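Visitor: Chains as they are written, first to last, in our numbering: chain X, 506 to 742; chain D, 506 to 742. Just so you know, even glycine gets a beta-carbon here, dropped at the ideal spot from N, CA and C. Because the structure is a prediction, the values reported are computed rather than measured.
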DNA sequence: ATTACCATACATGTATGGTAGAGTCGCGTA
DNA sequence: TACGCGACTCTACCATACATGTATGGTAAT
């Protein structure tokens with residue numbers, strides 16, 4: 506009943522830039538970003554058909570994007586009912602944080618004993634960039650923060666470990682986006698980053714681990730506030 | 506209402522036991538097991554069409570199973586070329602092991618401080634089961650080993666952490682299946698399990714962590730041998 | 001007013017045809 | 001013999017049609 510016109514290859518999807526990547530993968534990245542940034546709100550229904558229409562494609566690539574999102578626990582596919590953006594679970598975020606801390610602390614210890622000097626230089630530069638961005642531009646700051654952590658992992662060849670963290674981070678980043686307008690204590694974060702690099706550069710695994718640990722525990726204190734301020738983003742306790 | 510009998514329904518599909526799970530998901534579990542057990546050999550091509558025929562279904566569910574396997578890095582989908590079982594990379598296995606150690610050590614430390622006594626009892630029982638299975642039945646032993654580790658994680662509510670490990674384990678389990686016929690030192694593994702539980706029961710995080718660490722480092726020593734014995738299972742160095 | 005039923009719309013799951021790109025093979029030419 | 005080029009085959013990818021389960025609003029019976 507819907508229109509069926511389709512005379513000619515409608516051609517051209519709004520956000521497709523790279524031709525070689527499959528549509529399903531592109532949709533996945535597109536939707537993933539929108540969920541993390543909070544543009545798609547928890548609980549919201551995502552219809553295969555509607556998203557397919559919006560992007561001038563068919564249901565199949567959308568479906569494949571949904572499957573990937575479901576693997577990452579960003580959406581919940583309920584057969585014959587619908588697909589929904591999952592609400593944030595405080596317990597899940599804390600559990601994800603636990604895993605992230607375990608991995609990143611181990612990586613930091615390794616970096617303290619065997620990261621090359623060039624990596625130290627890169628990290629210092631990233632911190633300088635972060636300092637020059639203290640006012641506004643919080644979203645770009647998040648990107649720099651991510652690059653900082655990734656650089657540490659890659660400096661000791663832990664690409665796989667970083668991949669694991671990337672998945673886990675999605676859940677935590679949803680929180681950070683919620684608190685963007687907040688008076689995020691960027692100087693504090695930068696100070697913590699500095700201590701991490703100090704520990705790594707000094708070849709002191711214990712110090713590097715401790716700095717990493719306290720850095721990654723920040724979210725524990727801010728989480729209750731955020732959950733209270735955005736109740737409909739969170740699962741009912 | 507939930508009986509419904511279902512008198513007809515062709516009932517084909519060799520391995521379908523649970524009616525409510527989608528075919529794509531079933532195929533995923535089916536293929537995943539076959540890859541881990543080494544029945545599907547690394548490098549082997551998997552054709553959407555052929556697997557669809559073998560299971561009397563269409564290509565679409567097979568495709569979705571492939572996507573899930575690719576997320577787990579068990580197959581590599583190469584557009585317009587084919588989908589292949591990935592060869593094992595020694596470096597990737599070691600990196601995966603690193604992540605697993607980081608998480609499980611953290612879990613063990615937590616268990617040492619807060620696992621309930623009932624969990625200790627369950628773990629001791631599992632070890633007894635493992636002892637009674639020392640000869641042959643190596644495959645069942647692997648299942649008991651997995652249950653042992655999972656029980657520790659769940660005893661302190663780290664379900665998410667276990668989920669992460671489960672994915673990582675797939676790569677490592679492929680190795681373990683290769684060395685099944687080997688004279689696997691089961692008594693040694695059981696001894697290590699025992700020390701882990703001893704540390705947890707004693708409330709000694711350091712001991713529990715050390716026991717877990719040495720247990721999970723076994724694979725490092727056996728890996729080179731296995732890679733040498735099954736060269737075509739591994740990526741060219 | 002309330003309940004039971006049913007038509008309808010809409011959701012995901014599955015089947016199938018078509019398309020474009022990559023690899024292979026063999027023929028024809030230099 | 002060596003090399004280039006086109007026909008053929010195979011693949012994953014996409015579009016579309018159909019199957020089937022679920023939510024919902026209107027309606028008739030109580």
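Taking the Cβ atom as the reference point for each residue, do residue 612 (chain D) and residue 661 (chain D) lie within a distance shorter than 8 Å?
Guide: yes
Visitor: Under the assumption that residue 548 (chain X) contacts residue 589 (chain X) (Cβ atoms under 8 Å), give the Cβ distance between them as a whole number of angstroms.
Guide: Confirmed, Cβ separation roughly 6 Å.
Visitor: Considering only residues of the segment 527-565 of chain D, which uninterrupted alpha helix (DSSP H) runs meet the minimum length of 4 residues and lie entirely inside it, listed in chain order?
Guide: 528-541, 553-559
Visitor: Can you tell me the Cβ-Cβ gap for residue 665 (chain D) and residue 597 (chain X), rounded? I've got them flagged as a contact below 8 Å.
Guide: 6 Å
Visitor: Report the residue from D:683, D:559, D:659, D:531 whose alpha carbon sits nearest the alpha carbon of residue 738 (chain D).
Guide: Taking residue 738 (chain D) as reference, the option from D:683, D:559, D:659, D:531 with the minimal CA-CA separation is D:683.
Visitor: Considering only residues of the segment 603-682 of chain X, which uninterrupted alpha helix (DSSP H) runs meet the minimum length of 4 residues and lie entirely inside it, listed in chain order?
Guide: 622-636, 643-660
Visitor: Put residue 704 (chain D) into one of helix, strand or coil per three-state DSSP.
Guide: Three-state result, residue 704 (chain D): helix.
Visitor: Using DSSP bridges, identify the partner residues of residue 581 (chain X).
Guide: Residue pairing for residue 581 (chain X): DSSP places it in a beta bridge opposite X:589.
Visitor: In terms of alpha-carbon separation, which member of X:591, X:708, X:560, X:718 lies closest to residue 532 (chain X)?
Guide: X:560
Visitor: Do you know how far the Cα of residue 715 (chain X) is from the Cα of residue 617 (chain X)?
Guide: Near 12 Å, if we compare the C-alpha coordinates of residue 715 (chain X) and residue 617 (chain X).
Visitor: By alpha-carbon positions, which one of X:527, X:592, X:624 ends up nearest to residue 675 (chain X)?
Guide: X:592
Visitor: Taking 8 Å as the cut-off, does the segment 715-735 of chain X touch the segment 632-639 of chain X (at least 3 CB pairs, one atom from each stretch)?
Guide: At 8 Å Cβ cutoff, the stretches do not touch.
Visitor: On the three-state DSSP scale, how would you describe residue 739 (chain X)?
Guide: strand
Visitor: Between the alpha carbons of residue 576 (chain D) and residue 534 (chain X), how many angstroms are there, rounded?
Guide: 14 Å
Visitor: Using a cut-off of 9 Å between C-beta atoms, extract the partners of residue 569 (chain X) located in chain D.
Guide: 568, 569, 572
Visitor: Using C-beta distances below 7 Å, list every residue in its chain close to residue 744 (chain X), excluding the 5 sequence neighbours before and after it, in chain order.
Guide: An answer regarding residue 744 (chain X) cannot be provided, because it is not within the stretch 506 to 742 covered by chain X.
Visitor: Please say whether residue 554 (chain X) and residue 545 (chain X) have beta carbons closer to each other than 8 Å?
Guide: no
Visitor: Please confirm whether residue 732 (chain X) has its beta-carbon closer than 8 Å to some beta-carbon of chain D.
Guide: no
Visitor: Express the C-alpha separation of residue 604 (chain D) and residue 690 (chain D) in angstroms, rounding to a whole number.
Guide: 24 Å
Visitor: Which chain X residues sit within Cβ distance under 9 Å of residue 712 (chain D)?
Guide: Neighbours of residue 712 (chain D) on chain X: none; closest Cβ ~18 Å, over 9 Å.
Visitor: Under 8 Å, do residue 695 (chain X) and residue 625 (chain X) count as touching if we go by C-beta distance?
Guide: Remark: C-beta atoms of residue 695 (chain X) and residue 625 (chain X) do not approach each other more closely than 8 Å.
Visitor: Classify residue 704 (chain X) as buried or exposed, calling it buried when 16 or more other Cβ atoms lie within 10 Å of its own Cβ.
Guide: buried
Visitor: CA-CA distance, residue 621 (chain D) and residue 659 (chain D)?
Guide: 11 Å
Visitor: Against chain X, with Cβ distances strictly below 8 Å, would residue 665 (chain D) count as a contact?
Guide: yes
Visitor: So with CB distances below 8 Å, who are the chain X contacts of residue 678 (chain D)?
Guide: The contacting residues do not exist; residue 678 (chain D) stays about 16 Å from chain X at best.
Visitor: If we define contact as Cβ-Cβ less than 8 Å, is residue 601 (chain D) a contact residue for chain X?
Guide: yes
Visitor: So what does DSSP say about residue 689 (chain D), is it helix, strand or coil?
Guide: coil
Visitor: Which residues of the segment 613-624 of chain X have a Cβ closer than 7 Å to any Cβ of chain D? Give them in chain order.
Guide: none
Visitor: Going by the CB atoms, is the gap between residue 614 (chain X) and residue 710 (chain X) shorter than 8 Å?
Guide: In contact: residue 710 (chain X) and residue 614 (chain X) (Cβ atoms closer than 8 Å).
Visitor: Using the three-state DSSP reduction, which class does residue 745 (chain D) fall into: helix, strand or coil?
Guide: For residue 745 (chain D) there is no data in the structure shown, the boundaries of chain D being 506 and 742.
Visitor: Starting from the C-beta of residue 723 (chain X), find all residues in its chain whose C-beta is less than 7 Å away, skip the five residues before and the five after it, and write them out in chain order.
Guide: So the list is empty, once near-sequence residues are dropped.
Visitor: Buried or exposed: where does residue 706 (chain D) fall if 16 or more other Cβ atoms within 10 Å of its Cβ makes it buried?
Guide: Within 10 angstroms of the beta-carbon of residue 706 (chain D) lie 16 or more other beta-carbons, which makes it buried.
Visitor: Does any C-beta atom of chain D lie closer than 8 Å to the C-beta of residue 739 (chain X)?
Guide: No, residue 739 (chain X) lies away from the interface with chain D (no Cβ there is under 8 Å from its Cβ).
Visitor: Do residue 609 (chain X) and residue 699 (chain X) count as a contact pair if the criterion is CB distance below 8 Å?
Guide: no
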